[in-house]
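All remarks here apply to the structure that follows.
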Amino acid sequence: MNFEYSTKSLELQDKLEKFMQQYIYPIELEYLEFAENNPWQIYPKIEELKNLAKAEGLWNLFLPEEYGKFSPGLTNLEYAPLARIMGRVVWSSQVFNCSAPDTGNMEVLAKYGTNAQQKKWLTPLLNGEIRSSFLMTEPQVASSDATNIETSIVKEGNEYVINGRKWWSSGAMHPNTKIYIVMGKTDPSAHRYVQQSMILVPADTPGVKVIRPLRVYGMYESPEGHAEIELDNVRVPEENLLVGEGSGFAIAQGRLGPGRIHHCMRLIGAAERALELMCQRVSKRTTFGKQVSQYSSIRQDIALSKCEIEQARYLTLAAADKIDRHGIKEAKDLIAMIKIVVPTMTCNVVDRAIQAHGGMGVCQDTPLAAFWLYGRIIRIADGPDEVHMYQLGRNLIKKEIAKE
Ligand SMILES: Cc1cc2nc3c(=O)[nH]c(=O)nc-3n(C[C@H](O)[C@H](O)[C@H](O)COP(=O)(O)OP(=O)(O)OC[C@H]3O[C@@H](n4cnc5c(N)ncnc54)[C@H](O)[C@@H]3O)c2cc1C
451 MNFEYSTKSL ELQDKLEKFM QQYIYPIELE YLEFAENNPW QIYPKIEELK NLAKAEGLWN
511 LFLPEEYGKF SPGLTNLEYA PLARIMGRVV WSSQVFNCSA PDTGNMEVLA KYGTNAQQKK
571 WLTPLLNGEI RSSFLMTEPQ VASSDATNIE TSIVKEGNEY VINGRKWWSS GAMHPNTKIY
631 IVMGKTDPSA HRYVQQSMIL VPADTPGVKV IRPLRVYGMY ESPEGHAEIE LDNVRVPEEN
691 LLVGEGSGFA IAQGRLGPGR IHHCMRLIGA AERALELMCQ RVSKRTTFGK QVSQYSSIRQ
751 DIALSKCEIE QARYLTLAAA DKIDRHGIKE AKDLIAMIKI VVPTMTCNVV DRAIQAHGGM
811 GVCQDTPLAA FWLYGRIIRI ADGPDEVHMY QLGRNLIKKE IAKE
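Numbers 451 to 854, taken from my numbering, label the letters of the sequence shown in order.
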C-alpha cells in the first residue's frame, strides 16, 4: 500500500494550512467563547471566511470524485489529510463546507436524490447557503440498533404523514438549518431491514416542533446544537421520499462510510495538535528544580501518544484507500476498526495533554477540552464502540467459519 499523497492533495494541503494560519488559528478561541456566550447565534465572521475559502478552491473537498459534476474531484485518500488539518480546530470544517452532518446529507442527496430534490436542497447545501440535520435516533428506543426506530411514515393520497420523536438531531438548532433527512418506518411488517425509509422534511413544515436543545457535558455546542424534535402529523409530498419505500436502512449504511473517515481524520488532527501543545507546555514549566519535559513519565506519555496517533493514522488511511479502490462494502471491517480505535485514541492522547497542562488544560485557554469532548462523543455518535466491535467480531468469525 502506498500512502504517498498526490500532487493535487499536497497542493491543497499547503493551501489549507496557510488558510488556517492566516484566518482560523488567530480566532480559534474567540469563536468558542462567542459560541458559549451567544447560543444559537452565528459567529459574525463565518460568512466572510466561507467566501474566502470558496475563492481559494477550499470548498466541498469532502465529496468524492465518484459524484461527478458535484465533486471537486478528490478521492477519500486525497481528502483524508485535509480533514486532518481541519480537525486541528474543532469548528473549522464548516468554513470549507465540510462539516457533519451536512457532508453525509449532501452525499445522500448527491447519490440518491432526484433532479428536483437535488435542485431544491443539494444545490443550496453545496453552496453553503443552508444547513441540514439527520433525524434517526429516538429517545424511547435503543437506537444503536436502527431496526428499533419507531417513527411512522404513512402514505395518505399523494402525501406522507410522519409521526414520531427524535433526539440528538445534530445541527437542528442552527438558524440556517432548513432541511431534515428523517428515517422512519413505512412498513413495520416487512423484513427487518426493509421496513425503514428516508424522507425529506423541510424544517418549517407544520407539525415539526423543536422541543429543546440537548447539552453535551453541559455545553450546547452552539450554533449547531443537538435537538429533541417532535414530528406530529407532519405532512410532506410523496416526492420527498428518498429512492423508494424500504430503502432507508441501505441508505443509512452507505451514508456512514466516508463520514467515518472524515470524523477519524479530524480526530487525528486534534490529537496531533494536543500532542504539540503538550510538548510546548512541558518545555516551559519547571517543578522541583527540573523542567517538566525532563520527567520520564512525561516523556513516556509523549512517546506513547505519538505511537498511538501514527497507528490510528495509518489504519484510517488504509480504510480510505480501501473505500476508493474496492467500495464501502469491502471496506466495512476497516471502517469499523477506525471507529473503534480513533476516538478512544484521541481521548487518551488529549487526556495526557490536559494532565500535562495542569489546571490550564481543563479551562477555556486551550482547545484541549473541546478536543476531548469531540473524541468522547464520537465513541457514541454514529454508533457506540460496542456495536462496531460486536459487528466486526461477528464478521471475523463468519470469515473463519467460511474457510472450513
Ligand atoms: C453528540 C451526539 C451527536 C449525535 N448526532 C446524531 C445525529 O445527528 N442524528 C442522529 O440520528 N443521531 C445522532 N446521535 C445519536 C447516536 O447515534 C446514538 O446516541 C447512538 O447510536 C446510540 O444510540 P442510543 O443513544 O439510543 O443508545 P442505546 O442504543 O440505548 O445504547 C446504549 C449503550 O448500550 C450498549 N450497547 C448497545 N448495543 C450493544 C452491543 N451490541 N454490545 C454491547 N453493548 C451494546 C452500548 O454501551 C451503548 O452505548 C448523536 C449522539 C451524540 C451523543
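All residues carry an ideal CB built from backbone N, CA and C; glycine is no exception.
Remember, it's a predicted structure, so these values are computed and weren't measured experimentally.
Quick one: Cα of residue i to Cα of residue j, how far?
i      : j      : result
Asn487 : Ser639 : 48 angstroms
Gln568 : Ile785 : 28 angstroms
Ile629 : Met556 : 11 angstroms
Ile580 : Ile748 : 45 angstroms
Thr655 : Arg665 : 25 angstroms
Ala768 : Pro494 : 39 angstroms
Arg705 : Gln750 : 39 angstroms
Ala852 : Ala596 : 27 angstroms
Tyr745 : Leu508 : 42 angstroms
Asn608 : Gly634 : 18 angstroms
Leu524 : Glu467 : 17 angstroms
Ile788 : Gly554 : 18 angstroms
Leu479 : Gln814 : 8 angstroms
Gly811 : Gly698 : 42 angstroms
DSSP three-state label for residue i, please.
i      : result
Ala673 : With the sequence shown as reference, residue 673 is identified as Pro, and Ala is not the correct amino acid for it. Residue state, collapsed to three classes: coil.
Arg581 : strand
Leu481 : Before going further, note that residue 481 is Tyr rather than Leu in the sequence given. Helix, per DSSP.
Gly719 : helix
Thr736 : strand
Gln741 : strand
Ile661 : strand
Trp490 : coil
Lys519 : helix
Tyr475 : helix
Gly668 : coil
Comparing alpha-carbon positions, which option in the options lies nearest residue i?
i      : options                           : result
Ile603 : Thr736, Arg662, Asn565 and Met648 : Met648
Pro476 : Leu527, Ser542, Pro531 and Gly518 : Ser542
Gly709 : Ile773, Phe484, Glu461 and Arg802 : Ile773
Ala592 : Ile830, Pro574 and Leu765         : Ile830
Ile599 : Gln590, Lys605 and Glu606         : Gln590
Ser582 : Met623, Lys561 and Ser697         : Met623
Ala566 : Asn690, Thr587 and Glu836         : Asn690
Asp783 : Lys756, Leu846 and Arg763         : Leu846
Tyr481 : Asn798, Asp835 and Gln544         : Gln544
Glu606 : Lys465, Arg685, Tyr764 and Arg775 : Arg685
Are residue i and residue j touching if we call contact CB-CB under 8 angstroms?
i      : j      : result
Arg418 : Arg826 : The requested residue 418 does not occur in the structure, where the chain is confined to residues 451 to 854.
Glu674 : Ser620 : yes
Ile752 : Met728 : yes
Thr796 : Ile711 : no
Ala503 : Phe546 : yes
Val611 : Val632 : no
Phe738 : Val540 : no
Ile701 : Tyr529 : no
Tyr667 : Leu460 : no
Asn526 : Leu576 : no
Met762 : Val732 : In the sequence on display, residue 762 carries Ala and not Met. Their beta carbons are not under 8 angstroms apart, which means Ala762 does not touch Val732 by this criterion.
Determine the extent of the alpha helix (DSSP H) in which residue i is found, giving its start and end residues.
i      : result
Val791 : Lys782 to His807
Glu850 : Asp835 to Lys853
Ile748 : Ser746 to His776
Pro574 : Thr573 to Leu576
Is the beta carbon of residue i within less than 7 angstroms of some heavy atom of ligand 2?
i      : result
Pro834 : Looking for ligand 2 in the displayed structure turns up nothing; the ligands present are ligand 1.
The beta strand (DSSP E) with residue i in it runs from where to where?
i      : result
Val558 : It is not in any beta strand (DSSP E) - Val558 instead sits in the alpha helix (DSSP H) that spans Asp552 to Tyr562.
Met633 : Thr627 to Lys635
Ser602 : Ser602 to Glu606
Arg538 : Arg538 -> no beta strand (DSSP E), and no H or E assigned at all.
Trp822 : No beta strand (DSSP E) holds Trp822; the alpha helix (DSSP H) holding it covers Leu818 to Ile828.
Asn452 : Neither: Asn452 is in no beta strand (DSSP E) and is coded neither H nor E.
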